[in-house]
Amino acid sequence: MESASISHWVVIFAVGGAQSLLLALALWKRPVNVAANRVLAAWLGLVAFDLGVKAAFLAAPAPGLFRVLLFVGVFPFVYGSFFYLYVRTLTTARRLGWRDGVHLAGFAVALAVGLPTLLAGPDANLANMQAWLGRRLPPPVPWYSAFLYAWSLSYVAAAVWRVLGYRREVRERRSDADRVSLRWVMVMALGQVLIWAIAVVQDYVRLAGIGYFTIYGAVAVWACVLGYLGLMQATVAGDGPADTADAAAPSGVSDGAPATASAQDEDARLPEVQARLAGLMEDEAMYLAPALTIAQVARRSGYPEYLVSAAINRGFGCTFWDYINRQRIAAACRCLADAADARTILDIAYACGFTSKSTFNSAFKRETGHTPSAWRARQAAA
Numbered sequence: 122m123e124s125a126s127i128s129h130w131v132v133i134f135a136v137g138g139a140q141s142l143l144l145a146l147a148l149w150k151r152p153v154n155v156a157a158n159r160v161l162a163a164w165l166g167l168v169a170f171d172l173g174v175k176a177a178f179l180a181a182p183a184p185g186l187f188r189v190l191l192f193v194g195v196f197p198f199v200y201g202s203f204f205y206l207y208v209r210t211l212t213t214a215r216r217l218g219w220r221d222g223v224h225l226a227g228f229a230v231a232l233a234v235g236l237p238t239l240l241a242g243p244d245a246n247l248a249n250m251q252a253w254l255g256r257r258l259p260p261p262v263p264w265y266s267a268f269l270y271a272w273s274l275s276y277v278a279a280a281v282w283r284v285l286g287y288r289r290e291v292r293e294r295r296s297d298a299d300r301v302s303l304r305w306v307m308v309m310a311l312g313q314v315l316i317w318a319i320a321v322v323q324d325y326v327r328l329a330g331i332g333y334f335t336i337y338g339a340v341a342v343w344a345c346v347l348g349y350l351g352l353m354q355a356t357v358a359g360d361g362p363a364d365t366a367d368a369a370a371p372s373g374v375s376d377g378a379p380a381t382a383s384a385q386d387e388d389a390r391l392p393e394v395q396a397r398l399a400g401l402m403e404d405e406a407m408y409l410a411p412a413l414t415i416a417q418v419a420r421r422s423g424y425p426e427y428l429v430s431a432a433i434n435r436g437f438g439c440t441f442w443d444y445i446n447r448q449r450i451a452a453a454c455r456c457l458a459d460a461a462d463a464r465t466i467l468d469i470a471y472a473c474g475f476t477s478k479s480t481f482n483s484a485f486k487r488e489t490g491h492t493p494s495a496w497r498a499r500q501a502a503a
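Using this note's numbering, read the sequence shown as starting at 122 and increasing by one per residue.
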């Protein structure tokens, strides 16, 4: 390797390692999404160690340090697993258990096939180090790279599937589902797929300017960006005060369906539940609360949560998120039709309970067939 190229990567890996370590410490101490943030912190701690070893070895190659380099070279087999475990913990607040050790199977297999090289004698280790520095060291087995890509991408796919399921679930419970929709996780998943796709192509068609260090540097940057976004993520799955309050059902009201209730009894009560919900929306305007949850509505209505959910899903034919947004759009339409209301469209949107401009615009267009500005202009001209 050329010394200028080595110096370049020493700096990049050292800075990346320091950033990863700082992010890991910040995530570990953050009081929201605690379980998920600690999974992410552990992952970034591994990334920091990995990058630190690479920077140290490239700065001063030594046979003993080369063995450590070979060991951390197996770490990518846990990166996909960590991504999935982070997403699962973030969306369910389910902490890691002993059974999650199965997700280290890929790492264990890769470590096992690499042991002969890792434990090679002094002379063989020195020869392997020289081959690695000259980019001539072959993988432990021919299928090593293919196994890494397949293992990693399968976990990315599992994480995406979990996010999609979470989105469906959260729309049944929260009116601010857009605020915790985890779009950034989907973008990060796409980024990881692109990185691995480039790595696959690089294995078969040598791309100019792209090599092992470039791809690994991209993975390190990706992990750091994930850490920053994780730090900024609002409370997702049940470790905030609002969620704790929602979890407490009032005396005499059960959130779960009673074992003795039949489907016919439930169906017979749906009209009265729907009428009660309509009254709450019209008289108390509960939809104005930006972070309204179905648990809060159920407690206020006096009906169990499962029955309120059934009344919305089967009676109104939509999710809780859609139902509340309809109430908010109806309120926004009344404000926009009032010539005396001089507020901006965005001010009206926030006043009606929306938490983002994009959600308001898309919901308004879906319900009315017009953009808010066009609808306001039509009302003014009428």
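We put the beta carbon where it would ideally sit given N, CA and C, even for glycine.
Please read all numbers here as calculations on a predicted model, not as lab measurements.
Quick one: measure Cβ to Cβ for residue i and residue j, integer angstroms, because I've assumed they're closer than 8 Å.
i: Pro184; j: Leu247; result: 5 Å
i: Val208; j: Val291; result: Not quite, the Cβ-Cβ distance comes to about 14 Å (not below 8 Å), so this is no contact.
i: Ala344; j: Val195; result: About 16 Å; that fails the 8 Å criterion.
i: Tyr276; j: Phe198; result: Going by Cβ atoms, the distance from Tyr276 to Phe198 rounds to 10 Å, so no, they are not a contact pair.
i: Ala355; j: Arg300; result: 6 Å
For residue i, I'd like the list of residues in its chain whose CB is within less than 6 Å of its CB, leaving aside the five on either flank, ordered along the chain.
i: Gln395; result: Ala432, Gly436
i: Glu293; result: Thr440, Phe441
i: Ala419; result: Glu426, Val429
i: Tyr424; result: Val394
Keeping to the same chain, check which residues put their C-beta closer than 7 Å to that of residue i; ignore five residues upstream and five downstream.
i: Val308; result: none
i: Ala278; result: none
i: Lys478; result: Leu467, Ala470
i: Thr238; result: Leu191, Asn249, Pro261
For residue i, which option in the options has the closest C-alpha, if you only look at C-alpha atoms?
i: Ser128; options: Ala163, Val155, Lys175; result: Lys175
i: Pro260; options: Leu236, Leu315, Leu413, Ala169; result: Leu236
i: Leu258; options: Tyr333, Gly173, Gly312; result: Tyr333
i: Leu142; options: Ala389, Lys150, Ala162; result: Ala162
i: Ser430; options: Arg327, Glu403, Arg390; result: Arg390
i: Pro411; options: Val306, Val168, Arg449, Leu350; result: Arg449
i: Gly255; options: Leu179, Ala470, Leu232; result: Leu179
i: Thr414; options: Asp297, Met402, Ala231; result: Asp297
i: Pro392; options: Asn434, Leu172, Trp130; result: Asn434
i: Ser266; options: Ala231, Gly438, Val357; result: Ala231
i: Val189; options: Ile445, Trp264, Val132, Ala177; result: Ala177
i: Cys454; options: Gly423, Ala416, Ala495, Thr476; result: Ala495
i: Gly312; options: Ala341, Ala233, Tyr408, Trp164; result: Ala341
i: Gly351; options: Asp459, Arg304, Ala181; result: Arg304
i: Tyr270; options: Trp282, Trp253, Leu239, Ser202; result: Ser202
i: Ala214; options: Ala157, Ala472, Phe192, Arg300; result: Ala157
i: Asn249; options: Leu191, Pro197, Trp272, Val281; result: Leu191
i: Leu211; options: Ala452, Pro182, Ala280, Asp388; result: Ala280
i: Arg295; options: Asp459, Asp404, Val346, Val357; result: Val357
Within the same chain, show all residues whose beta-carbon is closer than 8 Å to that of residue i, passing over the 5 residues directly before and after it, in chain order.
i: His491; result: Phe485, Arg499
i: Gln323; result: Ile331, Gly332, Ile336
i: Gly338; result: Trp130, Ile133, Phe134, Gly137
i: Gly186; result: First, the residue type needs correcting, since residue 186 is Leu and not Gly in the sequence shown. These residues qualify, in order along the chain: Val174, Ala177, Phe178.
i: Leu457; result: Ile466, Ile469, Pro493, Trp496, Arg497, Gln500
i: Leu120; result: Residue 120 falls outside the range modelled here, since the chain spans only 122 to 503, and no answer is possible.
Is it buried or exposed for residue i, if we count other Cβ within 10 angstroms and need 16 for buried?
i: Trp521; result: With the chain running from 122 to 503 in the structure shown, residue 521 is simply not present.
i: Met353; result: exposed
i: Ser375; result: In this prediction, Ser375 scores a pLDDT of 43, lower than 50, which makes its location untrustworthy; no coordinate-derived value is stated.
i: Val262; result: exposed
i: Pro243; result: exposed
i: Trp130; result: buried
i: Val306; result: buried
i: Tyr408; result: buried
i: Val153; result: exposed
i: Arg487; result: exposed
i: Tyr325; result: exposed
i: Leu240; result: exposed
Would you say residue i faces chain C, with C-beta separation under 8 Å as the test?
i: Ile127; result: Of the protein chains in the structure, only one exists, and it is not chain C.
Original post:
Would you say the region 148-157 touches the region 311-319, given that touching needs at least three Cβ pairs under 8 Å?
Top reply: no
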